[in-house]
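At position 66 of the sequence shown (counting the first as 1) the number is 55 in the numbering used here, and the numbers step up by one without a gap.
Structure, as structure tokens:
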Amino acid sequence: MRWTGDSARRRRYSGYGSSRWAGSKRSRASGESRVIAVPTVEGLVCPTVSRPGIGCQRPSRRETARPRRLTRTLGFPARLETPDPRPGRPTSIECLRETLLAQEARVIVRKRMWAGRGAGAVVAVAALLAPVFAVNGPVARATAPDVVTIDSGGLHGVVAPDYRLFNGIPYAAPPVGALRWRPPQAVAPWPGIREARDAGPKCAQATGLGGPRSTDEDCLYLNVWTPPTLPADGRGLPVMVWIHGGSLQTGAGNIYGAAPLVSQPDGDSIVVTINYRLGILGFLAASALDDGTGAGDYGLMDQQAALRWVQRNIAAFGGDPNRVTVDGESAGGISICAQMAAPGSAGLFQAAMMQSGPCSGQSLADAEAEGDAWAAGVGCAGPDAAACLRALPPDVPVDHTPESTNVVYGNDFLPQDPVAKLKAGGMARIPTFIGSNHDEMALWVWMKYGIPLGARLDATVYPTVLRDQLKLDQDSLDRVMAEYPLSAYAQPALALSRVWTDKVVCNLIGQVADFSRQNPTYVYQFDDPSPLSPPSTFPLGAYHASELPSLFDLVQAGPLLHGVMTPDQQRLQAEMRSYWARFITANTADPRGLPAIPRYSATAPAYLSFRPTGSRPSDAFAADHRCEFWSDLAR
């Protein structure tokens, strides 16, 4: 069935009809028509149907004769075509709109392009319609590709019902041999189509919370997740680049399944997860390696190279390179702060999210002193130290990674201390979303004193442990013991967890205030005591990284980050994904149907408490962690 009517009506709606109208006097300008091919939908209940199961009603002659009515019903110019229906099962115009809203239709968008009078061409694109009815009408969706071409070659990805995934894409040359402890280099192009079904190796690391040990240095790979459909008009989706945590020593991008984030009611997005060099291989600053390019920050340079890759290639996957948000947890958050301070990263992202990762850094002088001592300890000293270091078997740096790793400032990559640059108001001026967990440091206390059959923290050694862990002088130790008396806690491990957490979180709150003076800043605290906690001698609460299952599919992660959620936690999970989607797509924190997170300021320090019993705004962040006490102690 096609629209019929007199020739005058056809001329009036010449933009809607078949290609033979292209030569009419009214068709010199380009136009667009949409042909809606509507299937018969068994059991579809329409507004005009009184009984379920009857199907859709036959269109009246008045409806079929008036394109204007269809246009008014749908909100955009269109003409109607239906398949040959079974008797009694054709589709009415009113039911057509319900069919579209139910995402049960197929749309053909025909765009006319006239070179001149009497000449025309029609380009037809067919796709399943996933309409989003906005002020200016529905947005047609096209099936996302599973084969794309980027600057280094073709890729064939994974097709799933709710996502597309391109795994193990090299974004830089393997940093091996002469390229070890050097800035990342361009990847060599490959011929034909590369299979992108399997994740690349994780970067060399010792056994830890990131999983089993690895000595693989060929690890500079990333993964791209997209929704199953993309806007048919070619409009790019916003992009989130995830920088994993792990103390700059462990972890991998492929652990984080991003399918739940790419398709959200508050907006679809593209998600990129990356690997970067870790531990000594990623952050060794030694004078023998200092060639002026950024000694000590090879892992940060990898991250920047991945961000540059996104700028060059993300459009091929349906992403917008001008709408990139970086997000990271723990060491990932520390990395993002460093990228916001790094001159070479300017313009590579337009918004930032930092989860439990405050700004931090170590001076080049201090880092090189430690690095030279490390190099000498593995037998590489003197004029040939650089060659010696690059010739080491990969298991040597893995097995001799120091207890802690930090980003390095004072080199060409990161000239200034990120903390000082933040205080001076010199960071990238972009919307910022920052948060932490209520019991951050419980995880570290558990690793030392909470594992069943492991070491215990008793009251006799507690003061010494507290002094050494928090680096307190005797006067400060006495004041802390008075503020947090052991008698208030069931065991010393809980007291240490509370003291250590409050100190760390209050430091973060101070940085939040600095961010809010230059950027639109939104703040959260994750307050869900996780049921996924490992066996412990004390309750861990909302420990470090325990928010991650509320954002990602972490099937590949260990028991600390993967398990079964309660119904309340599943609701919280859906809420948090809505907040993340809203910030990624709009750079605000006001998802539909949920409490908005107000902009944070030093005078109005509002934040959102994420709770399974109901998230709510609050201004008690600083009071909850006794930040006035810690501020006085620091004076």
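Where a beta carbon is used, it is the ideal one built from N, C-alpha and C, also for glycine.
inquiry  = For Ser505, which residues in the same chain have their Cβ closer than 6 Å to its Cβ, ignoring the five residues on either side in sequence?
reply    = Translated into the one-based positions of the sequence shown, residue 505 becomes position 516. Result list for Ser505: Tyr589 and Ser590, in chain order.
Burial state of Lys410 (16 or more Cβ within 10 Å) = Walking along the sequence shown from the start, residue 410 turns up at place 421. Label assigned to Lys410: buried.
inquiry  = Let's see if you can read the secondary structure: which residues bound the beta strand (DSSP E) around Ser567?
reply    = For this step, residue 567 is matched to residue 578 along the sequence shown. Going by DSSP, Ser567 is part of no beta strand (DSSP E) but of the alpha helix (DSSP H) stretching over Pro556 to Ala575.
Cβ-based neighbour list, Leu154, same chain, cut-off 6 Å, excluding 5 preceding and 5 following = Residue numbering aside, residue 154 sits at position 165 when the sequence shown is read from its first letter. Within the same chain, Leu154 has close Cβ partners Gly146, Val147 and Trp214.
request  = Tell me whether Gln351 sits in a helix, a strand or coil according to DSSP, three-state version.
outcome  = The count along the sequence shown starts at 1 and reaches residue 351 at position 362. Three-state DSSP puts Gln351 in a strand.
ask   = If you draw a straight line from the alpha carbon of Ala623 to that of Gly281, how long is it in whole angstroms?
value = The sequence position of residue 623 within the sequence shown is 634, counting from 1. The sequence position of residue 281 within the sequence shown is 292, counting from 1. Between the alpha carbons of Ala623 and Gly281 lies a distance of about 35 Å.
key: Backbone CA spacing between Ala193 and Ala611 [nearest angstrom]   = Within the sequence shown, the letter at position 204 stands for residue 193. Within the sequence shown, the letter at position 622 stands for residue 611. CA-CA distance, Ala193 to Ala611, rounds to 39 Å.
request  = Can you tell me which of Leu296, Thr510, Glu536 and Cys495 puts its alpha carbon nearest to the alpha carbon of Asp621?
outcome  = Translated into positions along the sequence shown, residue 621 becomes position 632. Of Leu296, Thr510, Glu536 and Cys495, the residue nearest in Cα terms is Cys495.
ask   = Does the distance from the C-beta atom of Gly256 to that of Arg571 stay below 8 Å?
value = To locate residue 256, count along the sequence shown from 1; it is residue 267. To locate residue 571, count along the sequence shown from 1; it is residue 582. In this structure, Gly256 places its C-beta atom within 8 Å of the C-beta atom of Arg571.
inquiry  = For the structure I just gave you, are there three or more beta carbon pairs, one from the stretch 268 to 285 and one from the stretch 297 to 311, closer than 8 Å?
reply    = These segments do not touch.
query = Does the Cβ of Gln500 have 16 or more other Cβ atoms within 10 Å, making it buried, or fewer, making it exposed?
reply = Numbered from its first residue, the sequence shown carries residue 500 at position 511. A residue is called buried once 16 or more other Cβ atoms fall within 10 Å of its Cβ, and Gln500 is buried on that count.
query = What three-state label does DSSP hand Asp73 in the structure shown?
reply = Along the sequence shown, read from residue 1 onward, the residue named residue 73 stands at position 84. Because the pLDDT at Asp73 is just 38, under 50, the model does not fix this residue reliably, and the point stays unresolved.
task = Pick out whichever of Pro254, Asp516 and Asp361 has its Cα sitting closest to the Cα of Ser539.
result = On the sequence shown, residue 539 is found 550 positions in, with the first residue counted as 1. Relative to the Cα of Ser539, the nearest Cα in the group Pro254, Asp516 and Asp361 belongs to Asp516.
request  = Go ahead and label Ala593 buried or exposed: buried means 16 or more other beta carbons lie within 10 angstroms of its beta carbon, across all protein chains shown.
outcome  = By one-based count along the sequence shown, residue 593 stands at place 604. Classification of Ala593: exposed, given that the 10 Å Cβ count is below 16.
ask   = CA-CA distance, Thr490 and Ala365?
value = Against the sequence shown, residue 490 aligns to sequence position 501. Against the sequence shown, residue 365 aligns to sequence position 376. C-alpha separation (whole angstroms): 36 Å.
Buried/exposed call for Lys460, threshold 16 Cβ in 10 Å = Locating residue 460 in the sequence shown gives position 471, where the first residue counts as 1. The residue in question, Lys460, is exposed, as its Cβ has fewer than 16 Cβ neighbours within 10 Å.
message = Pull the bridge partners of Thr262 from the DSSP assignment, please.
response = The sequence position of residue 262 within the sequence shown is 273, counting from 1. Its beta-bridge partners are Asn212 and Trp231.
key: DSSP state of Val501 mapped onto helix, strand, coil   = Translated into the one-based positions of the sequence shown, residue 501 becomes position 512. Correct three-state label for Val501: helix.
inquiry  = Please classify Tyr265 as buried or exposed, where buried requires at least 16 other C-beta atoms within 10 Å of its C-beta.
reply    = As a position in the sequence shown, residue 265 is number 276, starting the count at 1. Classification for Tyr265: buried.
request  = Determine the direct distance from the alpha carbon of Tyr438 to that of Arg445, and round the result to whole angstroms.
outcome  = Here residue 445 is taken as the residue at index 456 of the sequence shown, counted from 1. Here residue 438 is taken as the residue at index 449 of the sequence shown, counted from 1. Looking at the two C-alpha atoms, the distance is approximately 5 Å.
request  = Following the continuous alpha helix (DSSP H) through Arg468, name the residue where it begins and the one where it ends.
outcome  = Taking the first residue of the sequence shown as 1, we reach residue 468 at position 479. It spans Gln463 to Glu472 - the alpha helix (DSSP H) in which Arg468 sits, taken as one unbroken run.
Simplified DSSP assignment, three categories, for Met342 = The sequence position of residue 342 within the sequence shown is 353, counting from 1. Assigned with DSSP and collapsed to three states, Met342 falls in strand.
ask   = Which same chain residues, not among the five before or five after Leu219, have their C-beta less than 6 Å away from its C-beta?
value = As a position in the sequence shown, residue 219 is number 230, starting the count at 1. Ala131, Ala133 and Gly307.
key: 8 Å Cβ cutoff met for Trp435 and Ser319   = Residue mapping note: residue 435 aligns to position 446 of the sequence shown, counting from 1. Residue mapping note: residue 319 aligns to position 330 of the sequence shown, counting from 1. The Cβ atoms of Trp435 and Ser319 do not sit closer than 8 Å to each other.
ask   = Can you give the Cα-Cα distance for Gln300 and Val228, rounded to whole angstroms?
value = Locating residue 300 in the sequence shown gives position 311, where the first residue counts as 1. Locating residue 228 in the sequence shown gives position 239, where the first residue counts as 1. Approximately 10 Å between the Cα atoms of the pair.
task = Could you name the residues that DSSP lists as bridge partners for Val385?
result = Counted from its first residue, the sequence shown places residue 385 at position 396. The bridge partners DSSP lists for Val385 come to none.
message = Using a Cβ-Cβ cutoff of less than 7 Å, which residues in the same chain neighbour Asp140 once the five nearest sequence positions on both sides are dropped?
response = To locate residue 140, count along the sequence shown from 1; it is residue 151. The answer, listed in chain order, is Arg301 and Asn302.
inquiry  = Let me confirm a value: Asp286 is counted as buried when at least 16 other C-beta atoms fall within 10 Å, else exposed. Which label applies?
reply    = Locating residue 286 in the sequence shown gives position 297, counting from the first residue. By the neighbour-count criterion, in which 16 or more other beta carbons inside 10 Å mark a residue as buried, Asp286 falls on the buried side.
ask   = By the 10 Å Cβ neighbour count, where 16 or more other Cβ atoms means buried, how is Leu442 classified, buried or exposed?
value = The sequence position of residue 442 within the sequence shown is 453, counting from 1. Here Leu442 is exposed. Its C-beta has fewer than 16 other C-beta atoms within 10 Å.
ask   = Going by the beta-carbon positions, is the gap between Cys326 and Ile498 smaller than 8 Å?
value = Against the sequence shown, residue 326 aligns to sequence position 337. Against the sequence shown, residue 498 aligns to sequence position 509. Result no, Cβ atoms of Cys326 and Ile498 do not sit closer than 8 Å.
key: Residue range of the unbroken alpha helix (DSSP H) whose run includes Pro407   = By 1-based counting over the sequence shown, the position of residue 407 is 418. First-last of the alpha helix (DSSP H) with Pro407: Pro407 to Lys412.
message = Give me the residue from Ala534, Gly246, Tyr511 and Ala195 with the minimum Cα distance to Ile269.
response = Along the sequence shown, one-based indexing puts residue 269 at 280. Distances from the CA of Ile269 to each of Ala534, Gly246, Tyr511 and Ala195 were compared; the closest alpha carbon is that of Ala195.
inquiry  = I need the DSSP call for Val251, collapsed to helix, strand or coil.
reply    = On the sequence shown, residue 251 is found 262 positions in, with the first residue counted as 1. The answer is helix: DSSP assigns Val251 an H, G or I state.
With 16 other Cβ atoms within 10 Å as the buried cut-off, status of Pro190 = Here residue 190 refers to the residue found at position 201 of the sequence shown. Classification of Pro190: buried, given that the 10 Å Cβ count is 16 or more.
inquiry  = Tell me the residue span of the alpha helix (DSSP H) that contains Gln292.
reply    = Walking along the sequence shown from the start, residue 292 turns up at place 303. Run containing Gln292: Tyr287 to Asn302, per the alpha helix (DSSP H) assignment.
ask   = Under 8 Å, do Ala531 and Ser486 count as touching if we go by C-beta distance?
value = Counted from its first residue, the sequence shown places residue 531 at position 542. Counted from its first residue, the sequence shown places residue 486 at position 497. The beta carbons of Ala531 and Ser486 sit no closer together than 8 Å.
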